[in-house]
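In the numbering used here, the protein residues as written are 600 to 889.
Don't be surprised by glycine CBs; every beta carbon is placed ideally from N, CA and C.
Heads up: the structure comes next, in structure tokens.
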């Protein structure tokens, strides 16, 4: 567990890194990627030929004896929610960093991007239950608080249940929001809750996985333990069949999450722990602007 001094050092380092990324790479791209997500009433003006008759303000029109139209403008303030998986499997990592480390960095970048654009940012930490909820607010201090929590949060639970997090999100978030789900998505059974959330909110999944999640290295006879169930067994990593079945299981769960997100009309990005997540986020933001 990190000491307070270590957490503060890491918060400062993440703040510096995130600010550089949001300034140098995401200027304009983050916000324009989500433009037009809502419209708010601005004013009324005299009706002009071609105005949509659905937007005629009948009360004002009756008062002045000729038609007036309501004028709307794009809502510039957004509400961004982070749903962060803190179950046991998030601690796994074999190359550069653990899945939790990468999720923390991505979440920090999104948090600072949000506050730089005067948007609200909130977090739901989850395992197979809701570990912590931080309601969305604006401001740099709020973003720094979120980063501190990202670094220090620990789950007492091992398993993952995205269904629980999505139901909590659906019940607590009334305003249309943008939600980033950071997880390795190794569980199932969340398709209904994702479809409900996707009907109202803009959902982006970020699947974070390690190279060894997909490929079992040839290291002889291994005693392995499932981080989430605690189940242990011996496997022969020299066996081609064992390695094939291991990889097939990875693609089975990946195909499931891809299909569930597609059917729900939501986006799903894939980030390996040794990849440059900045480029993946950038490509996604730019594709949203086309």
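Is the beta carbon of residue i sitting closer than 8 Å to the one on residue j?
i, j, result
"residue 849", "residue 813", "yes"
"residue 793", "residue 859", "yes"
"residue 702", "residue 777", "no"
"residue 949", "residue 681", "Residue 949 cannot be examined here, being either before or after the span of the chain that is shown, 600 to 889."
"residue 866", "residue 803", "yes"
"residue 818", "residue 842", "no"
"residue 820", "residue 801", "no"
"residue 706", "residue 749", "yes"
DSSP three-state label for residue i, please.
i, result
"residue 844", "helix"
"residue 645", "strand"
"residue 801", "strand"
"residue 772", "coil"
"residue 777", "strand"
"residue 697", "coil"
"residue 757", "coil"
Starting from the Cα of residue i, find the closest Cα among the options and give me that residue.
i, options, result
"residue 704", "786, 864 and 619", "619"
"residue 699", "647, 726, 713 and 717", "726"
"residue 669", "681, 646 and 684", "646"
"residue 608", "863, 883 and 746", "746"
"residue 775", "815, 752 and 718", "718"
"residue 874", "678, 697 and 653", "697"
"residue 729", "683, 709 and 710", "683"
"residue 857", "847, 751 and 869", "869"
"residue 884", "757, 709, 797 and 735", "709"
"residue 654", "887, 863 and 643", "643"
"residue 879", "822, 805 and 845", "805"
"residue 863", "796, 876 and 838", "796"
"residue 678", "662, 773, 660 and 615", "773"
From the DSSP output, which residues share a beta bridge with residue i?
i, result
"residue 724", "683 and 731"
"residue 870", "807"
"residue 655", "668"
"residue 719", "678"
"residue 782", "806"
Hey, is residue i's beta-carbon within less than 8 Å of any beta-carbon in chain D?
i, result
"residue 605", "In the structure shown, chain D cannot be found, because there is only a single protein chain."
Counting Cβ pairs closer than 8 Å, one from the stretch 759–771 and one from the stretch 735–746, do we hit at least three? No, the stretch 759–771 does not touch the stretch 735–746.
Within the chosen definition, does the stretch 644–660 reach the stretch 784–802 through at least 3 CB pairs nearer than 8 Å? The stretch 644–660 makes no contact with the stretch 784–802, as fewer than three CB pairs between them are under 8 Å.
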